[in-house]
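Sequence lines, in order, name chains A and B.
So that you can map any letter, position 487 of the first sequence is 487 in UniProt numbering, and since no number is skipped, the others follow by simple counting.
So that you can map any letter, position 226 of the second sequence is 226 in UniProt numbering, and since no number is skipped, the others follow by simple counting.
Built from N, CA and C at the ideal position, the CB exists for glycine as well.
There are 2 protein chains.
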Amino acid sequence: MNQLPKCGANYVPLTPLTFLKRASSVYANRTSIIFESTRFTWSQTYQRCRRLASSLLSLNIHKNDVVSVLAPNVPAMYEMHFAVPMAGAVLNTLNARLDAKNVATLLRHSEAKVFFVDYQYVPVALEALRLLMDESQQNQALLPLAIVIDDIDSPTGVRLGELEYEQLIQMGDPKFVPDEIQDEWDPISLNYTSGTTSEPKGVVYSHRGAYLSTLSLILGWEMGVEPVYLWSLPMFHCNGWTFTWESPHAVGRTVTHMCCAPIIFNILIEAKPHERGEISSPVQVLTGGAPPPASLLEKMESLGFHVTHAYGLTEATGPALVCEWQAKWNNLPPDSQARLKARQGISILTLADVDVKNIETMESVPHDGKTMGEIVLRGSSIMKGYLKDPEATSKAFKKGWFITGDVGVMHADGYLEIKDRSKDVIISGGENISSVELESVLYRHPRVLEAAVVAMPHPRWGESPCAFLAVKENECGGKDDVTEADIITYCRKNLPHFMVPKKVEFVPKLPKTSTGKIQKFQLRALAKTFQITETKSTEVNNDVPQQHYDQILALSRL
Amino acid sequence: MNQLPKCGANYVPLTPLTFLKRASSVYANRTSIIFESTRFTWSQTYQRCRRLASSLLSLNIHKNDVVSVLAPNVPAMYEMHFAVPMAGAVLNTLNARLDAKNVATLLRHSEAKVFFVDYQYVPVALEALRLLMDESQQNQALLPLAIVIDDIDSPTGVRLGELEYEQLIQMGDPKFVPDEIQDEWDPISLNYTSGTTSEPKGVVYSHRGAYLSTLSLILGWEMGVEPVYLWSLPMFHCNGWTFTWESPHAVGRTVTHMCCAPIIFNILIEAKPHERGEISSPVQVLTGGAPPPASLLEKMESLGFHVTHAYGLTEATGPALVCEWQAKWNNLPPDSQARLKARQGISILTLADVDVKNIETMESVPHDGKTMGEIVLRGSSIMKGYLKDPEATSKAFKKGWFITGDVGVMHADGYLEIKDRSKDVIISGGENISSVELESVLYRHPRVLEAAVVAMPHPRWGESPCAFLAVKENECGGKDDVTEADIITYCRKNLPHFMVPKKVEFVPKLPKTSTGKIQKFQLRALAKTFQITETKSTEVNNDVPQQHYDQILALSRL
Numbered sequence: 001m002n003q004l005p006k007c008g009a010n011y012v013p014l015t016p017l018t019f020l021k022r023a024s025s026v027y028a029n030r031t032s033i034i035f036e037s038t039r040f041t042w043s044q045t046y047q048r049c050r051r052l053a054s055s056l057l058s059l060n061i062h063k064n065d066v067v068s069v070l071a072p073n074v075p076a077m078y079e080m081h082f083a084v085p086m087a088g089a090v091l092n093t094l095n096a097r098l099d100a101k102n103v104a105t106l107l108r109h110s111e112a113k114v115f116f117v118d119y120q121y122v123p124v125a126l127e128a129l130r131l132l133m134d135e136s137q138q139n140q141a142l143l144p145l146a147i148v149i150d151d152i153d154s155p156t157g158v159r160l161g162e163l164e165y166e167q168l169i170q171m172g173d174p175k176f177v178p179d180e181i182q183d184e185w186d187p188i189s190l191n192y193t194s195g196t197t198s199e200p201k202g203v204v205y206s207h208r209g210a211y212l213s214t215l216s217l218i219l220g221w222e223m224g225v226e227p228v229y230l231w232s233l234p235m236f237h238c239n240g241w242t243f244t245w246e247s248p249h250a251v252g253r254t255v256t257h258m259c260c261a262p263i264i265f266n267i268l269i270e271a272k273p274h275e276r277g278e279i280s281s282p283v284q285v286l287t288g289g290a291p292p293p294a295s296l297l298e299k300m301e302s303l304g305f306h307v308t309h310a311y312g313l314t315e316a317t318g319p320a321l322v323c324e325w326q327a328k329w330n331n332l333p334p335d336s337q338a339r340l341k342a343r344q345g346i347s348i349l350t351l352a353d354v355d356v357k358n359i360e361t362m363e364s365v366p367h368d369g370k371t372m373g374e375i376v377l378r379g380s381s382i383m384k385g386y387l388k389d390p391e392a393t394s395k396a397f398k399k400g401w402f403i404t405g406d407v408g409v410m411h412a413d414g415y416l417e418i419k420d421r422s423k424d425v426i427i428s429g430g431e432n433i434s435s436v437e438l439e440s441v442l443y444r445h446p447r448v449l450e451a452a453v454v455a456m457p458h459p460r461w462g463e464s465p466c467a468f469l470a471v472k473e474n475e476c477g478g479k480d481d482v483t484e485a486d487i488i489t490y491c492r493k494n495l496p497h498f499m500v501p502k503k504v505e506f507v508p509k510l511p512k513t514s515t516g517k518i519q520k521f522q523l524r525a526l527a528k529t530f531q532i533t534e535t536k537s538t539e540v541n542n543d544v545p546q547q548h549y550d551q552i553l554a555l556s557r558l
Numbered sequence: 001m002n003q004l005p006k007c008g009a010n011y012v013p014l015t016p017l018t019f020l021k022r023a024s025s026v027y028a029n030r031t032s033i034i035f036e037s038t039r040f041t042w043s044q045t046y047q048r049c050r051r052l053a054s055s056l057l058s059l060n061i062h063k064n065d066v067v068s069v070l071a072p073n074v075p076a077m078y079e080m081h082f083a084v085p086m087a088g089a090v091l092n093t094l095n096a097r098l099d100a101k102n103v104a105t106l107l108r109h110s111e112a113k114v115f116f117v118d119y120q121y122v123p124v125a126l127e128a129l130r131l132l133m134d135e136s137q138q139n140q141a142l143l144p145l146a147i148v149i150d151d152i153d154s155p156t157g158v159r160l161g162e163l164e165y166e167q168l169i170q171m172g173d174p175k176f177v178p179d180e181i182q183d184e185w186d187p188i189s190l191n192y193t194s195g196t197t198s199e200p201k202g203v204v205y206s207h208r209g210a211y212l213s214t215l216s217l218i219l220g221w222e223m224g225v226e227p228v229y230l231w232s233l234p235m236f237h238c239n240g241w242t243f244t245w246e247s248p249h250a251v252g253r254t255v256t257h258m259c260c261a262p263i264i265f266n267i268l269i270e271a272k273p274h275e276r277g278e279i280s281s282p283v284q285v286l287t288g289g290a291p292p293p294a295s296l297l298e299k300m301e302s303l304g305f306h307v308t309h310a311y312g313l314t315e316a317t318g319p320a321l322v323c324e325w326q327a328k329w330n331n332l333p334p335d336s337q338a339r340l341k342a343r344q345g346i347s348i349l350t351l352a353d354v355d356v357k358n359i360e361t362m363e364s365v366p367h368d369g370k371t372m373g374e375i376v377l378r379g380s381s382i383m384k385g386y387l388k389d390p391e392a393t394s395k396a397f398k399k400g401w402f403i404t405g406d407v408g409v410m411h412a413d414g415y416l417e418i419k420d421r422s423k424d425v426i427i428s429g430g431e432n433i434s435s436v437e438l439e440s441v442l443y444r445h446p447r448v449l450e451a452a453v454v455a456m457p458h459p460r461w462g463e464s465p466c467a468f469l470a471v472k473e474n475e476c477g478g479k480d481d482v483t484e485a486d487i488i489t490y491c492r493k494n495l496p497h498f499m500v501p502k503k504v505e506f507v508p509k510l511p512k513t514s515t516g517k518i519q520k521f522q523l524r525a526l527a528k529t530f531q532i533t534e535t536k537s538t539e540v541n542n543d544v545p546q547q548h549y550d551q552i553l554a555l556s557r558l
């Protein structure tokens, strides 16, 4: 039976481009995009993408060339997710909050041939191009062709060279038929990891991976066939968790689905009643980027949002785990529900496998909800690898698994819970402390608005936890009535003593990346400057169990 | 970027076997199967499958060997959908209504190495094995190893040789880890087409095709994560439309989803009120096999069933088109809704393309809802081909398309409507008549229970339509008050005259296959025996438009 051959009818390379073609055929007159006063149907979106693809080809774009984009969530950003791969090229969406130096670094690393720039980012782009020019010793041939995306509703006339996005659409052939993808392993996009801690790495996705990841998300989130999706997540972030390729999705109207980092919850919860719209039917929210504290989840649900918690990484084409809700949990009290929901959950359907392993032996940890190990993944939606970085690529893959660098436990019910990003584990007196666990307790304090815990050098324990807090105003608009002693007393009541922060620092707000991740590396740098006097030995017995204390004493005697 | 290599972490062959492994891990203690007094959890089902796979290997089953099964929808039938491919073998489920001669033919054609037989079918199986014995000149080595599946609740002791199914499970290694699939193009199952008209053909599915088809169904039918599926569709029929591989599905309890041929609707509609259970929340029904008449759909909805209409073929791994509901149709009157729903619809999400083409030129027909053409499909869930039948295989694939043999039109909204199975088109006086269209009018007659229209030889028109009807009883329990003249008068009121049946034959019930398809070949044979006197020439002008009459006269003069 293996002799039966593949042919064009029974073996078609998997690519999310088929979703747009299908939408244009079966939802031709249904709304695809609403952006300010611009509206398109699926048939128009498909035609605009085909026009743009033909224009890109006429600009001498070749197979696997990189097309970079610096833009917010405008229609052009959405369209390029289809048009660029239709031309055989690779889409590289840049984080819109990067500075000129970073933009220049990524343009150089990706060897972008074309550089689309939203009119609002022209100053940054100009500066980045100037930096590139200097580096290439004024050899303009090494620069990408810059093209402005002007405001689609009220064109400003701002330009960066001769060409403009809408002009390319107009010039393009409306009857252009893109070549079919020959190999589903071909690259479709290039995403640089946010680089909060180290040099950015260029993560390459395949058509196959993007296709499967998109299917999983629709399935796992029960999106149905006529959702209305609000683009609250930046499209440059893992290609908007692949929702960019999930074609029949209107934008605007009465929102049914949205994605965001948990930090957005605070904005919604802290909003004054008159600032909030009325939510008549539940809005589905997919969240990730950081484990949402149970208390935040609970408050969101009470406002009418139905939160699904996902966990992923750029390298996994966005979400890899989803905390799938089980009907039997419906009768639990709200705080238990919120705690269950704060777990990262189970693998998305198209991921072949997920596990928590001892990274040395590569053996699975027991399903006891306690033993920590490295979270590892495998499946066809894992990245192809890092661009031009064989060392990082081979480090990321070990014995057929992708090593996430995050630490978690596996519960008895098969649900995984992240305990920390590897680099966020605080090792105090030889004992791992999960900063996430500590943060989730801090978030339950009635006056805490934002919390982040990092490792702080400690003369006796090596490291100890240091908490950074932004607090809410009291009824008189003040904040100073919450003291370090209050928080430490609260923590002692709610945590094992060895986990209690040794220092609490109040800040107006926490430093964050454009995607809402707290920039812990900044806090860690700050924590290093703090002077901690040695803990009195009488306190030690309260801080750690006797066995750990003995171990540490033994070590200190070596 | 194409240099980035595939490895075990980022390229995992697609196979539905991963669904069961995932279910056993994340839904370990959730019910997988309820069958009479037997209940299993997903963890048990996974373990039973692994045990059976290891037993099959110890019986010397090799890669790509065929394992045939003759059984109704018992737990063993479900388990073998995973256990057989886990052992590297190919599952061949046989239609449980076949006679011994047909069973022998298929065992010989598939060269089955093992033959599982439900205890209820031992007499047929014995007879089939005897026929095989005779053919192979008593060479027992050429016979498959026969194994009985005894009643799991109350074992009968019936045997067909030494081995029994539960015994193989018990003997199997509970810690057996199946080899991973090396190539997703490897065969997973072999399904013979029902053979109502010609020699059965062995349709081979790949792991990749089964995987994608399964994903599409869950997506298109909005099954969500905790459906309760009633096994009303035989699993031997296209592997139960691939629902066999859709793992977290309990069977029993309060049913939320079921699949069936439209013929089952009649049973539900004709049931006396006391025979019907109360339907408290809507039951999702996926139907196919024949275009359901609008009137039937309407009645089903009023009983509390939410019907989704699908169209498919064995060669397309089950459903290929689904009549996806559009919210804007919600406000239409029920009969308009039912007519929209009776269309076959749009392609399932993982199918690359569907079209209606002129089979000679392979050009697409206009989207006018009128121009008929051949329905063609392409995508990775189309069969690998027909086993040991290169001629039929190459005939089925044309210029990168799979030719369904069915005739349809494409509507302006991108929804496809089937007009006839190619062989069911009635060509009368050079004009195509769709028997389906005629049947749907007949079904709207208040006394018609079942209707089938076939071509009948006609001295002037070549063919003309002949209707076979089963009618409902009147209030006094009689049927004879409906006459041929009544029906013809009714048709003349509701159809173009040339489409009105020339003969109406009343039957107690229509002949059907075990899967509920009306066996038109039997009716066609019957229709050939009918004597039709030539239509009077005065009638001709009423029957066909003048231009057709002129054409025919011109032809008759050649």
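Which bits of chain A does Phe-397/B rub up against, with CB to CB less than 9 Å?
Looking up residue 397/B in the second sequence gives position 397. Within 9 Å of the CB of Phe-397/B, the CB atoms of chain A belong to Cys-7, Gly-8, Ala-9, Asn-10, in sequence order along the chain.
Which partner residues does Arg-39/B have in the DSSP bridge list?
Looking up residue 39/B in the second sequence gives position 39. Paired residues: Ile-34/B.
Integer Cβ distance of Leu-190/A from Val-90/A, believed to fall under 8 Å:
In the first sequence, residue 190/A corresponds to position 190, counting from 1. In the first sequence, residue 90/A corresponds to position 90, counting from 1. That belief holds up - the Cβ atoms of Leu-190/A and Val-90/A are roughly 5 Å apart, short of 8 Å.
Min CB distance Lys-175/A to chain B below 7 Å:
What you label residue 175/A is simply residue 175 of the first sequence in a count that begins at 1. For Lys-175/A, the closest Cβ of chain B is not nearer than 7 Å.
Unbroken alpha helix (DSSP H) run spanning Ser-394/B, endpoints
The residue given as residue 394/B occupies position 394 in the second sequence. From DSSP, the alpha helix (DSSP H) with Ser-394/B extends over 390-396.
CB contact check: Phe-40/B to chain A, cutoff 7 Å
Counted from its first residue, the second sequence places residue 40/B at position 40. No, because no Cβ of chain A sits closer than 7 Å to the Cβ of Phe-40/B.
Run the CB neighbour count on Gln-546/A, radius 10 Å, all protein chains shown included, and call it buried at 16 or more, exposed below.
Taking the first sequence and counting its residues from 1, the one referred to as residue 546/A is at position 546. Any reading at Gln-546/A must be qualified, since the residue scores a pLDDT of 38, below 50, and its modelled position is unreliable; the value itself is stated next. With fewer than 16 other Cβ atoms within 10 Å, it is exposed.
Through-space distance from Tyr-165/A to Phe-116/A, alpha-carbon basis
Position 116 of the first sequence, counted from the first residue, corresponds to residue 116/A. Position 165 of the first sequence, counted from the first residue, corresponds to residue 165/A. The straight-line gap from Cα to Cα measures roughly 8 Å.
Residue from Glu-391/A, Ser-394/A, Val-66/A with nearest C-alpha to Met-1/B
The count along the second sequence starts at 1 and reaches residue 1/B at position 1. Of the listed residues, the one whose Cα sits closest to Met-1/B is Val-66/A.
With a threshold of 7 Å between beta carbons, is Val-26/A in contact with chain B?
Along the first sequence, read from residue 1 onward, the residue named residue 26/A stands at position 26. At a cut-off of 7 Å between beta carbons, Val-26/A contacts chain B.
In terms of residue numbering, what span does the beta strand (DSSP E) encompassing Arg-378/A cover?
Taking the first residue of the first sequence as position 1, residue 378/A is located at position 378. Note, Arg-378/A: beta strand (DSSP E), 373-379.
Identify each residue in the stretch 61-73 of chain A for which the Cβ-Cβ distance to at least one residue of chain B is less than 8 Å, and report them in chain order.
Residues passing the 8 Å Cβ filter: Asn-64.
Neighbourhood of Val-411/B by C-beta, 6 Å cutoff - its chain only, sequence neighbours within 5 removed:
Counting from one through the second sequence, the residue named residue 411/B turns up at place 411. What sits at residue 411/B in the sequence shown is His, not Val. These residues qualify, in order along the chain: Gly-369.
Secondary structure at Gln-138/A, three-state DSSP: helix, strand or coil?
By one-based count along the first sequence, residue 138/A stands at place 138. For Gln-138/A, the secondary structure class from DSSP, reduced to helix, strand or coil, is coil.
Over what stretch of residues does the alpha helix (DSSP H) that includes Gly-528/A continue unbroken?
Counting from 1 along the first sequence, the entry for residue 528/A is found at position 528. Position check: residue 528/A holds Lys in this sequence, whereas Gly was assumed. Annotation for Lys-528/A: the continuous alpha helix (DSSP H) segment containing it runs 520-528.
Chain A contact for His-249/B (CB, 7 Å cutoff)
For the purposes of this step, residue 249/B is taken as the residue at position 249 of the second sequence. Reliability fails at His-249/B, whose pLDDT of 43 lies under 50, so the model's placement of it is uncertain and no value is given.
In this structure, does DSSP put Lys-384/A in helix, strand or coil?
Here residue 384/A corresponds to residue number 384 of the first sequence, with the count starting at 1. In this structure, Lys-384/A counts as coil in the three-state DSSP scheme.
7 Å Cβ cutoff, Ser-281/A in contact with chain B
In the first sequence, residue 281/A corresponds to position 281, counting from 1. No, its Cβ sits nowhere closer than 7 Å to a Cβ of chain B.
For Phe-530/A, would you say it is in contact with chain B, using Cβ-to-Cβ distances shorter than 7 Å as the test?
For this step, residue 530/A is matched to residue 530 along the first sequence. The beta carbon of Phe-530/A does not come within 7 Å of any beta carbon belonging to chain B, so the residue lies off that interface.
Tyr-27/A: first and last residue of the uninterrupted alpha helix (DSSP H) it sits in:
Position 27 of the first sequence, counted from the first residue, corresponds to residue 27/A. Judged by DSSP secondary structure, Tyr-27/A falls outside any alpha helix (DSSP H); it is assigned neither H nor E.
Hey, is the stretch 25-43 of chain B in contact with the stretch 105-122 of chain B, meaning 3+ C-beta pairs nearer than 8 Å?
As far as the Cβ criterion goes, the stretch 25-43 of chain B does not touch the stretch 105-122 of chain B, which means the pair count is below three.
Within 10 angstroms of its Cβ, does Cys-476/B collect 16 or more other Cβ (buried), or is it exposed?
For the purposes of this step, residue 476/B is taken as the residue at position 476 of the second sequence. Burial is judged here by how many other beta carbons sit within 10 angstroms of a residue's own beta carbon; Cys-476/B has fewer than 16 and is exposed.
Can you tell me where the alpha helix (DSSP H) holding Met-77/B begins and where it ends?
Counted from its first residue, the second sequence places residue 77/B at position 77. For Met-77/B, the enclosing alpha helix (DSSP H) begins and ends at 75-86.
Taking the straight line between their C-alpha atoms, what separation do you get for His-62/B and Asn-10/B?
Counting from one through the second sequence, the residue named residue 62/B turns up at place 62. Counting from one through the second sequence, the residue named residue 10/B turns up at place 10. Rounded to whole angstroms, His-62/B to Asn-10/B spans 28 Å at the Cα level.
For Gly-385/A, collect the residues of the same chain with a Cβ closer than 7 Å to its Cβ; drop the 5 residues on either side in sequence, then sort them by chain order.
Position 385 of the first sequence holds residue 385/A. For Gly-385/A, where only same-chain residues beyond five positions count, the Cβ hits under 7 Å are Val-204, Thr-393.
Identity of the residue in Phe-397/A, Val-356/A, Asn-474/A nearest Lys-419/A by Cα
Counting from one through the first sequence, the residue named residue 419/A turns up at place 419. It is Val-356/A whose Cα lies nearest to the Cα of Lys-419/A.
Just to confirm my understanding: we take Glu-270/A, look at its own chain, exclude 5 residues before and 5 after, and list those with CB closer than 8 Å. What are they?
Here the question's residue 270/A lines up with position 270 in the first sequence. If we look at Glu-270/A and ignore the five residues flanking it on each side, its Cβ neighbours are Leu-449, Lys-472.
How about Thr-45/A: is its C-beta nearer than 7 Å to some C-beta of chain B?
Residue mapping note: residue 45/A aligns to position 45 of the first sequence, counting from 1. So, not an interface residue.
Just to check my reading of the structure: Glu-93/B and Val-69/B have Cβ atoms closer than 8 Å, yes? What is that Cβ distance to the nearest angstrom?
In the second sequence, the residue the question calls residue 93/B occupies position 93. In the second sequence, the residue the question calls residue 69/B occupies position 69. Before going on, a small fix: residue 93/B reads as Thr here, not Glu. Contact flag correct, Cβ pair sits at about 5 Å.
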